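K.L.:
Before I ask anything, let me first share the structure, which is written out below as structure tokens.
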Amino acid sequence: MSAFEEAGEIEIHGVAAEFDNPTALVEATKAAREAGFRHIETYSPYAIEDVHELIPVLNFVPAICLIGGLLGAATAWIMEYGIAAIDYPINVGGRPLYSWPAFIPILFELTVLCAGTFAFFSALALCGFPRPHHPMFNVPQFAHASSSRFFLCIESRDPMFDRRYTAEFLEELEAIGVWEVEDT
Amino acid sequence: MKTAHEFPVEERQRHAARELDPNNSLAVIAPGTSFETVSAQISSIVLTRKTPLFWWAAFSFGVAWVIVFVIALYMILFVGVGVWGIEIPVAWGFAITNFVWWIGIGHAGTLISAILLLLHQSWRNSINRFAEAMTIFAVMCAGMFPLLHLGRSWIFYWILPYPNTMHVQPNFRSPLVWDVFAVSTYFTISLVFWYLGMIPDLATLRDRAPTRLKQRFYCVLSFGWTGSSHEWKLHKSASMLLAALATPLVLSVHTVVSFDFTIAIVPGWHSTIFPPYFVAGAIYSGFAMVLMLCIPLRAVYGLHNLITERHLNNCAKLMLATGLILAYTYAIEPFTAWYGGNKFEMALVHNRAFGPQSWTFWVVILCNVIIPQSLWFYKVRVRPVPLFIVSAVILYGMWLERYMIIITSLDRDFLPSSWSNFVATVWDNLTLYGTVGFFIACFMLFVRFLPMISMAEVRELLPFSKPGGGTLM
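Protein sequences appear in the order of chains A and B. Residues 41 to 224 in our numbering are what the first sequence spells out, letter by letter. Residues 58 to 530 in our numbering are what the second sequence spells out, letter by letter.
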């Protein structure tokens, strides 16, 4: 464990374990949860649903998307009613000024436009993007996490976290490598 | 530091046999592909491989036509839209033909990316990225035509509702105004959906970049994606929501385009069958374009393991199905004219089939109904060369169909004294070819600088991608 001792008193983000397959990652995540760790995070090159069951995430994207859709619909209706019936009332072929069936296509389009852009930007914002740097990038092997490797990180803010104990715990799992993650 | 597995997953993936998918003899992803090989294969196209001669040829071809397009733009903007063959009563001419054709092409991209995602058609994972790029560039080309057709394009913003000193506002009862909202929404949603799906792949490019400059470039584009479960959860959630929103959107866009026609009382346009007729035609031509793009790309970049015969077969089947819907509407149009007993409609049917532009009608039947019947044969559906030719024929046939709908309905209006024969000018043709060049140039830049196949989604299709052993989808 000389590598860990050399790191000395540098602030660390956590201890990470590297796996080469998703089965090992999910097993390790389960083991970490059972051991009582709470601030854990997995990193994988594609979405693994089994992990979402182990690491709960507060997902506000659908709610924000709904709010966006409602705002879009309200904007469209107010705009169309306001312009066609109040601001610029013109008689087109004797149709009523408030001819609501003709307002539906634009109402639909603006609903979709606002709901979609709200979903997109809220997902980016809730992920914390743009974020050019992340402590995990300090681990050289982490470059493979976007191609073929799977990482599990137990973060130092976990109440049970202890540098040596956590590292030993991860070593016992089927990891192909365990690293301390510097917090810079 | 220990290796717990006797057989690493890379090796097991490479040796996984075709029998993994017993229900289908054609594999979605060819055997021998692993997490590492798919990442290396796709990212090397952008990062390390020498740009093939084909790319330079196609890109130069596209740019050459963009230059022609700029000259045509100069004529249209400084001389006027009169350089086109448009006149009264054929005021729409090539411009709206091209608009409908291009926007229809985009529809297959959204069908692949959104509708097939909701239907869990996992084979789409290796073709959705470039199909979405196709959508975006096709909608860009489409959007140019109504703007140019306005005549005074520099005051295009008059079509938008905004407080102005003239105290004039758009008429929200007009399908032409609906179109403004439909097309701009379609473009925006397609763009954010495409970009959202690309973020994990841009992170892969960032992590595999051989030079500092490339790393910086993809680092900025990927927003600092790490692939954490938190990010994946939000990413999947937003993707599914966008897919659910894009599904009715794509159907609405060509429906609204068809309203431009069907709300007018012009014979041949004023029909309730137009929305499904247009949507089916859009998807038909869009799949033809998808195949015309993926067949050469597959050959040039050696993507046979990711875009397999299964993909060609499925796209061809969808093309055949939508083509049959289209054939049905071709048959029902003269039937409703006859059954309805409207003499103007009857005259139109006669004019289309036997009038001065009757060749368009018969060529449309040949290209869109007769030749595509060859897709009933398995050999045609999975062989690149015949499929490419059939796709090209369909793409031409679909352009001609829109031309026929517009020209033959307008040139014989209710007043025989105003009848005319539309003749396209050289500028009509050059604007059309110019947008084709613009499309090719944009698409080639996309192929060169962005991941053209979704690596993250292809990984989900690989053996052992699901914890426990199977594939994720």
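Glycine included, C-beta positions come from ideal geometry on N, C-alpha and C. As the structure is a computational prediction, the values presented were derived from the model and not from experiment.
Quick check on L432 (chain B) - is its C-beta less than 8 Å from some C-beta in chain A?
P.N.:
In the second sequence, residue 432 (chain B) corresponds to position 375, counting from 1. So no, L432 (chain B) is outside the interface.
K.L.:
With three or more beta-carbon pairs closer than 8 Å as the criterion, would you say the stretch 152-162 of chain B touches the stretch 487-495 of chain B?
P.N.:
With the cut-off at 8 Å, the stretch 152-162 of chain B and the stretch 487-495 of chain B touch.
K.L.:
Looking at the structure shown, is E212 (chain A) part of a helix, part of a strand, or coil, going by DSSP?
P.N.:
Start at 1 with the first residue of the first sequence, and residue 212 (chain A) comes out as number 172. Correct three-state label for E212 (chain A): helix.
K.L.:
At a Cβ cut of 8 Å, what residues of the stretch 199-227 of chain B count as close to chain A, listed as they run along the chain?
P.N.:
Listed by position, the residues of the stretch 199-227 of chain B near chain A (Cβ gap below 8 Å) are P218, H224, V225, Q226 and P227.
K.L.:
When you compare the CB of Y138 (chain A) with every CB in chain B, is at least one pair closer than 8 Å?
P.N.:
As a first step, residue 138 (chain A) must be located in the first sequence, where it is residue number 98. No, no contact with chain B.
K.L.:
Could you tell me whether the Cβ of T157 (chain A) comes closer than 8 Å to any Cβ of chain B?
P.N.:
Indexing the first sequence from 1 puts residue 157 (chain A) at position 117. Judged by the 8 Å Cβ criterion, T157 (chain A) is in contact with chain B.
K.L.:
F100 (chain A): which of B:S294, B:F92 and B:V140 sits nearest, CA to CA?
P.N.:
Locating residue 100 (chain A) in the first sequence gives position 60, where the first residue counts as 1. The shortest Cα separation from F100 (chain A) among B:S294, B:F92 and B:V140 belongs to B:S294.
K.L.:
For a minimum of 4 consecutive residues, which ranges assigned as the alpha helix (DSSP H) are wholly contained in the stretch 363-447 of chain B?
P.N.:
Whole alpha helix (DSSP H) segments, 4+ residues: 366-397, 400-411, 415-422 and 435-439.
K.L.:
Is it true that the stretch 402-409 of chain B meets the stretch 341-358 of chain B, where meeting means three or more beta-carbon pairs spaced less than 8 Å apart?
P.N.:
Output reads no: the stretch 341-358 of chain B does not touch the stretch 402-409 of chain B.
K.L.:
If you reduce the DSSP assignment to three classes, tell me which class A57 (chain A) lands in.
P.N.:
One-based indexing of the first sequence puts residue 57 (chain A) at position 17. Reduced to three states, the DSSP call for A57 (chain A) is strand.
K.L.:
Using DSSP with H/G/I as helix, E/B as strand and the rest coil, what is I162 (chain B)?
P.N.:
Here the question's residue 162 (chain B) lines up with position 105 in the second sequence. Helix, per DSSP.
K.L.:
So that I know if they touch, is there some Cβ in chain A lying closer than 8 Å to that of H292 (chain B)?
P.N.:
Here residue 292 (chain B) is taken as the residue at index 235 of the second sequence, counted from 1. Judged by the 8 Å Cβ criterion, H292 (chain B) is in contact with chain A.
K.L.:
How would you write the range of the beta strand (DSSP E) that Y83 (chain A) sits in, first residue to last?
P.N.:
Residue 83 (chain A) sits at position 43 when you count from the first residue of the first sequence. Per DSSP, Y83 (chain A) belongs to the beta strand (DSSP E) from I80 to Y83.
K.L.:
To be precise: take each residue of the stretch 205-219 of chain A, compare its Cβ to all Cβ atoms of chain B, and keep it if any distance is under 9 Å. Which residues remain?
P.N.:
For the stretch 205-219 of chain A, which is checked against every Cβ of chain B, the residues closer than 9 Å are E211, L213, E214, A215, I216, G217 and V218.
K.L.:
What does H287 (chain B) touch in chain A if you count any residue whose Cβ is under 8 Å from its own?
P.N.:
Sequence index remark: in the second sequence, residue 287 (chain B) carries index 230 (1-based). Result: E81, I95, V97 and C167.
K.L.:
Run down chain A in chain order and give the residues with a C-beta less than 7 Å from the C-beta of W235 (chain B).
P.N.:
In the second sequence, the residue the question calls residue 235 (chain B) occupies position 178. Under the 7 Å cutoff, chain A gives P145 and I146.
K.L.:
Taking the beta strand (DSSP E) that F191 (chain A) belongs to, which residues open and close that run?
P.N.:
As a first step, residue 191 (chain A) must be located in the first sequence, where it is residue number 151. It spans F190 to E195 - the beta strand (DSSP E) in which F191 (chain A) sits, taken as one unbroken run.
K.L.:
With a threshold of 7 Å on Cβ separation, who are the neighbours of Y453 (chain B) within its own chain once the five nearest residues in sequence on each side are excluded?
P.N.:
To locate residue 453 (chain B), count along the second sequence from 1; it is residue 396. Correct list, in chain order: C424.
K.L.:
Between the alpha carbons of V179 (chain A) and F118 (chain B), how many angstroms are there, rounded?
P.N.:
Residue numbering aside, residue 179 (chain A) sits at position 139 when the first sequence is read from its first letter. Residue numbering aside, residue 118 (chain B) sits at position 61 when the second sequence is read from its first letter. About 45 Å.
K.L.:
W112 (chain B) by DSSP, collapsed to three states: which one?
P.N.:
Position 55 of the second sequence, counting from 1, holds the residue named residue 112 (chain B). Of the three classes helix, strand and coil, the one that applies to W112 (chain B) here is helix, per DSSP.
K.L.:
What does S96 (chain B) touch in chain A if you count any residue whose Cβ is under 8 Å from its own?
P.N.:
Taking the second sequence and counting its residues from 1, the one referred to as residue 96 (chain B) is at position 39. Ordered by position in chain A, the residues that pass the 8 Å Cβ test against S96 (chain B) are P85, S186, S187 and S188.
K.L.:
Can you name the residues of chain A whose CB is closer than 9 Å to the CB of F331 (chain B)?
P.N.:
Taking the second sequence and counting its residues from 1, the one referred to as residue 331 (chain B) is at position 274. Near F331 (chain B) there are no residues of chain A at all, since even the closest Cβ is about 14 Å away, more than 9 Å.
K.L.:
Can you pull the chain A residues whose beta carbon is under 7 Å from the beta carbon of G284 (chain B), in chain order?
P.N.:
Along the second sequence, read from residue 1 onward, the residue named residue 284 (chain B) stands at position 227. Simply Y83, S84, P85, A185 and S186.
K.L.:
Residues in the same chain with beta-carbon distance under 7 Å from T304 (chain B), minus the five sequence neighbours each way, listed in chain order, please.
P.N.:
Taking the second sequence and counting its residues from 1, the one referred to as residue 304 (chain B) is at position 247. The residues are A171, I172 and L175.
K.L.:
Express the C-alpha separation of L137 (chain A) and Y128 (chain A) in angstroms, rounding to a whole number.
P.N.:
As a first step, residue 128 (chain A) is located in the first sequence; it is residue number 88 there, counting from the start. As a first step, residue 137 (chain A) is located in the first sequence; it is residue number 97 there, counting from the start. Taking the straight line joining both Cα atoms gives about 10 Å.
K.L.:
Buried or exposed: which applies to S82 (chain B), given that a residue is buried once 16 or more other Cβ atoms fall within 10 Å of its Cβ?
P.N.:
Along the second sequence, read from residue 1 onward, the residue named residue 82 (chain B) stands at position 25. Confidence in S82 (chain B) is poor, its pLDDT being 48 and thus under 50, which makes the residue's placement unreliable; the coordinate value appears in the next sentence. The residue is exposed, with fewer than 16 neighbouring Cβ atoms inside 10 Å.
K.L.:
Please report the distance separating the alpha-carbon of D198 (chain A) from that of A72 (chain A).
P.N.:
Within the first sequence, residue 198 (chain A) is the residue found at index 158, counting from 1. Within the first sequence, residue 72 (chain A) is the residue found at index 32, counting from 1. If I take the Cα positions, the gap works out to 12 Å.
K.L.:
Just the chain B side, please: which residues come within less than 7 Å of P170 (chain A) by C-beta, in chain order?
P.N.:
Reading the first sequence from its first residue, position 130 is the one you call residue 170 (chain A). Going along chain B in sequence order, the residues near P170 (chain A) (Cβ under 7 Å) are F280 and G281.
K.L.:
Does the Cβ of Y205 (chain A) have 16 or more other Cβ atoms within 10 Å, making it buried, or fewer, making it exposed?
P.N.:
One-based indexing of the first sequence puts residue 205 (chain A) at position 165. Burial call: exposed.
K.L.:
Sorted by chain position, which residues of the same chain lie with C-beta nearer than 8 Å to T283 (chain B)'s C-beta, five sequence neighbours on each side aside?
P.N.:
The sequence position of residue 283 (chain B) within the second sequence is 226, counting from 1. The residues are A260.
K.L.:
Please list the partners that E120 (chain A) has in chain B, where partner means a Cβ-to-Cβ separation under 9 Å.
P.N.:
If you number the first sequence from 1, residue 120 (chain A) lands on position 80. Simply P218 and F229.
K.L.:
Closer than 8 Å by beta-carbon distance: list the chain B residues that pair up with P102 (chain A), in chain order.
P.N.:
Taking the first sequence and counting its residues from 1, the one referred to as residue 102 (chain A) is at position 62. In chain order: S294 and L298.
K.L.:
State buried or exposed for Q70 (chain B), treating a residue as buried only when at least 16 other CB atoms are found within 10 Å of its CB.
P.N.:
Counting from 1 along the second sequence, the entry for residue 70 (chain B) is found at position 13. Classification of Q70 (chain B): buried, given that the 10 Å Cβ count is 16 or more.
K.L.:
Nearest CA to the CA of A148 (chain B): which residue from B:F187, B:T94, B:G208 and B:P324?
P.N.:
Against the second sequence, residue 148 (chain B) aligns to sequence position 91. Answer by Cα proximity: B:G208.
K.L.:
Counting contacts by CB-CB distance shorter than 8 Å, is D264 (chain B) in contact with chain A?
P.N.:
By one-based count along the second sequence, residue 264 (chain B) stands at place 207. Yes, contact with chain A.
K.L.:
Which residue spans inside the stretch 283-319 of chain B form an unbroken alpha helix (DSSP H) run of at least 4?
P.N.:
The stretch 283-319 of chain B contains these whole alpha helix (DSSP H) runs: 286-319.
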